[in-house]
Each structure stands twice: as C-alpha cells, then as structure tokens.
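In the numbering used here, the protein residues as written are 126 to 323. The C-beta atom is built at its ideal place from N, Cα and C for all residues, glycine as well. Given the structure is predicted, the values throughout are model-derived calculations rather than measurements.
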C-alpha cells in the first residue's frame, strides 16, 4: 500500500476503492476483475480492502448504488425547468451525449445483471430497484403531460433498448431513433387525451 493511501481515513479509502472498482468493472466486466487487480489498481492492501468491504459482492453493490445516484442526478439535470413533453424528450438527448463518451460500455446495471443476476440476489434486487425508479420518474413526468400512465413503461423500454443498442453498435444513433419513436408515442398519447377531453 502506498504511503499516500495509507494516510487516508477509511471513508477516503472506501471512496477510492469504489471509484477504481467502478472504472474496472465498467471497462472490463465484474467477473474479469479480481480482488488482486482491485488491490493493485487502487493501491489499497487486501487486508484493508476486506476490512472495509466484507466481500467482492459488497463492492459491486456499493458501485451500483453509487451509479444509481449518478444516473438520478443526470436525469434530474436533463429534465429540469422544461415543459413535461420536452423533459421526456430531453432524456434521449442525455442518452445521446452519454453514448458519445469514449468510455461508454452500455448500462452498468444491465451489464451487472447479465453477469451476476442469476447468482447474486442482492445485485439483482439493486438492478431491479434502479430500473423501477427510472420508470417511476418517467411516470411522474408523463402524469404532468396528462397522458395515460401506460406511456411511461413504453418510454422506459425505448431508453433501455437504446442503451443496449448503442453499446453494441458503438454509435449514438439509437438515442436519436429512440427520441423519434418517443415523440410519436408522446404526441399520440397527448392527442388521445385531448380528443377525450373534447
């Protein structure tokens, strides 16, 4: 362990480990990154790693919870101070910017579920809660448009599909295509609402 890391308090070391684990898991995959790799990349001894985190799975869980907070902040920023229709469409613009980043490797939650969902119940639970939370936020915004609540899961599926497609294709085209499909769905739902109100 480096003298610099040794001098850090547990909270600072925990943050350093999670930041390193996030980068490695996202880039290489969770199964490919053992505790020895995490030790050498973070500069934290195995003894201290296991004192701060009882298992690799607990690190994965903390990384996902950290990502959940980051995602919620991005969604909040994208949907702030707009009318509800524009807020919904802004989510796909946010996705396009994310897909353009050099280190984009798809959705960490989908990737984690694919790797561990069948064997790590707590990881599966965190992933499901994250996806449900995103859909609940879409439901809130959809309600502001007056459109039926059934629009929210449709828009969520477009966003989820765009993330997977972009990871495979390596372009942000899926965000633009999902945005165009979202516009059709939103406008049709609003027209239906207006027709029923007449």
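So what does DSSP say about residue i, is it helix, strand or coil?
i, result
"residue 323", "Note that residue 323 has pLDDT 39, beneath the 50 cutoff, so the model's placement of it is unreliable and the number below is only indicative. Here residue 323 sits in coil by DSSP."
"residue 227", "coil"
"residue 202", "helix"
"residue 237", "helix"
"residue 161", "helix"
"residue 297", "coil"
"residue 128", "With a pLDDT of only 49 at residue 128, under 50, the local geometry of the prediction cannot be trusted, and no value is derived from it."
"residue 244", "coil"
"residue 280", "helix"
"residue 125", "It is not possible to answer for residue 125, since the shown part of the chain is limited to 126 through 323."
"residue 134", "coil"
"residue 208", "coil"
Leaving out five residues on either side along the sequence, give the residues of the same chain with a beta carbon under 6 Å from the beta carbon of residue i.
i, result
"residue 184", "146 and 178"
"residue 220", "287 and 300"
"residue 249", "242"
"residue 224", "291, 297 and 300"
I think residue i touches residue j, with their Cβ atoms under 8 Å apart; what is that distance to the nearest whole Å?
i, j, result
"residue 300", "residue 217", "5 Å"
"residue 266", "residue 310", "13 Å between Cβ atoms; not a contact."
"residue 164", "residue 138", "Not confirmed; about 12 Å, so no contact."
"residue 155", "residue 240", "5 Å"
Let me check understanding here. Comparing Cα to Cα, which of the options lies closest to residue i?
i, options, result
"residue 288", "269, 229, 317 and 239", "229"
"residue 277", "308, 205 and 296", "308"
"residue 273", "317, 227 and 206", "317"
"residue 153", "269, 280, 231 and 242", "231"
"residue 234", "298, 160 and 285", "285"
"residue 237", "182, 297, 306 and 140", "182"
For residue i, I'd like the list of residues in its chain whose CB is within less than 8 Å of its CB, leaving aside the five on either flank, ordered along the chain.
i, result
"residue 190", "251"
"residue 143", "184, 187, 188 and 191"
Who are the Cβ neighbours of residue i in its own chain at under 7 Å, not counting the five residues just before and after it?
i, result
"residue 149", "158, 162, 163 and 166"
"residue 135", "177"
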